[in-house]
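Participant:
There are 2 protein chains.
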Amino acid sequence: MKARVTVMLKQGVLDPQGAAVQSALGSLGFEGVEGVRQGKVIELDLADGTTEAQVGEMCEKLLANTVIESYRVEMGPAGKSA
Amino acid sequence: MKARVTVMLKQGVLDPQGAAVQSALGSLGFEGVEGVRQGKVIELDLADGTTEAQVGEMCEKLLANTVIESYRVEMGPAGKSA
Numbered sequence: 001m002k003a004r005v006t007v008m009l010k011q012g013v014l015d016p017q018g019a020a021v022q023s024a025l026g027s028l029g030f031e032g033v034e035g036v037r038q039g040k041v042i043e044l045d046l047a048d049g050t051t052e053a054q055v056g057e058m059c060e061k062l063l064a065n066t067v068i069e070s071y072r073v074e075m076g077p078a079g080k081s082a
Numbered sequence: 101m102k103a104r105v106t107v108m109l110k111q112g113v114l115d116p117q118g119a120a121v122q123s124a125l126g127s128l129g130f131e132g133v134e135g136v137r138q139g140k141v142i143e144l145d146l147a148d149g150t151t152e153a154q155v156g157e158m159c160e161k162l163l164a165n166t167v168i169e170s171y172r173v174e175m176g177p178a179g180k181s182a
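These protein sequence lines map, in sequence, to chains A and B. With this note's numbering applied, the first sequence covers 1 to 82. With this note's numbering applied, the second sequence covers 101 to 182.
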């Protein structure tokens, strides 16, 4: 089975990567880009029977720095194209 | 309005970040992690009326390296919690 974890910086935490992307898009002539936040997505291929709670534990222990980052877990069925 | 761009390494491209996460999860005692791929997610806050085609152009020109990365664009309504 698949699980997808999305990790984003919390609101209010400075996001220099996002700011750099926003600035670069402006330089390339794209108008109307009012804000950019960049985060990471981790796609896990898991043994069947792994629970969302176990994936949450992986996030707490390794995948996210919960002081400054929030995470969201989406579980998918086996074989789902992720 | 919001748009979310997900950029992942293409299948077959070595993903050392993903491999490091997989190894670290194993070291922490999580069993059954059969594969990990890590990518990035970029949340864009856009002026109303920006089209998905314009976001696609941003991906082609800046956000993704299309030689080794694939991207997916999801458009959301204004005010949608992303």
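Where is the CB? At the ideal position from N, CA and C, for every residue including glycine. Note that the coordinates shown come from a computational prediction; the quantities given were computed from them, not determined experimentally.
Interface residues of chain A around B:E152 at Cβ under 9 Å?
Facilitator: On the second sequence, residue 152 of chain B is found 52 positions in, with the first residue counted as 1. Neighbours of B:E152 on chain A: none; closest Cβ ~14 Å, over 9 Å.
Participant: Which word fits A:R72, buried or exposed, when buried means at least 16 other C-beta atoms lie within 10 angstroms of its C-beta?
Facilitator: Within the first sequence, numbered from 1, the residue matching residue 72 of chain A stands at position 72. With fewer than 16 other Cβ atoms within 10 Å, it is exposed.
Participant: Where does A:V36 fall in DSSP's three states?
Facilitator: Counting from 1 along the first sequence, the entry for residue 36 of chain A is found at position 36. Of the three classes helix, strand and coil, the one that applies to A:V36 here is strand, per DSSP.
Participant: To the nearest angstrom, how far is it from the Cα of B:M108 to the Cα of A:A19?
Facilitator: Walking along the second sequence from the start, residue 108 of chain B turns up at place 8. Walking along the first sequence from the start, residue 19 of chain A turns up at place 19. Cα-Cα distance, rounded: 21 Å.
Participant: Might you give, ordered along the chain, the residues of its own chain that have their beta carbon closer than 6 Å to the beta carbon of B:D148, omitting 5 neighbours on each side?
Facilitator: Stepping through the second sequence from its first residue, residue 148 of chain B is reached at position 48. Within the same chain, B:D148 has close Cβ partners M101.
Participant: According to DSSP, what are the bridge partners of B:K102?
Facilitator: Here residue 102 of chain B refers to the residue found at position 2 when the second sequence is read from its first residue. In the DSSP output, where bridge partners are listed per residue, B:K102 has B:D145 and B:G176.
Participant: Return helix, strand or coil for B:A120, following the three-state DSSP convention.
Facilitator: Position 20 of the second sequence holds residue 120 of chain B. Three-state result, B:A120: helix.
Participant: Tell me, please, which residues DSSP counts as bridged to B:L109.
Facilitator: Looking up residue 109 of chain B in the second sequence gives position 9. Beta-bridge pairing links B:L109 to B:E169.
Participant: Let me make sure I understand the geometry here. Which of B:A124, B:R137 and B:G126 has the alpha-carbon closest to that of A:V5?
Facilitator: For the purposes of this step, residue 5 of chain A is taken as the residue at position 5 of the first sequence. The residue with the shortest Cα to Cα distance from A:V5 is B:R137.
Participant: Quick one: list the residues of chain A neighbouring B:T166, beta-carbon separation under 9 Å, in chain order.
Facilitator: Here residue 166 of chain B is taken as the residue at index 66 of the second sequence, counted from 1. Simply none; closest approach about 15 Å.
Participant: So, does the CB of A:L14 fall closer than 8 Å to a CB anywhere in chain B?
Facilitator: Within the first sequence, the letter at position 14 stands for residue 14 of chain A. No, A:L14 does not count as interfacial toward chain B.
Participant: For A:G26 and B:Q154, I'd like the C-alpha separation in whole angstroms.
Facilitator: Here residue 26 of chain A refers to the residue found at position 26 when the first sequence is read from its first residue. Here residue 154 of chain B refers to the residue found at position 54 when the second sequence is read from its first residue. C-alpha separation (whole angstroms): 13 Å.
Participant: Three-state secondary structure (DSSP) at A:E31?
Facilitator: Here residue 31 of chain A corresponds to residue number 31 of the first sequence, with the count starting at 1. A:E31: coil per DSSP, three-state reduction.
Participant: Assign A:G12 to one of two classes, buried (16 or more other C-beta atoms within 10 Å of its C-beta) or exposed (fewer than that).
Facilitator: On the first sequence, position 12 is the one that residue 12 of chain A refers to. Classification of A:G12: exposed, given that the 10 Å Cβ count is below 16.
Participant: By the three-class DSSP mapping on this structure, what secondary structure does A:L62 have?
Facilitator: In the first sequence, counting from the first residue as 1, residue 62 of chain A sits at position 62. Here A:L62 sits in helix by DSSP.
Participant: Rounding to the nearest angstrom, what Cα-Cα distance links A:L14 and A:P77 in this structure?
Facilitator: Position 14 of the first sequence, counting from 1, holds the residue named residue 14 of chain A. Position 77 of the first sequence, counting from 1, holds the residue named residue 77 of chain A. Taking the straight line joining both Cα atoms gives about 35 Å.
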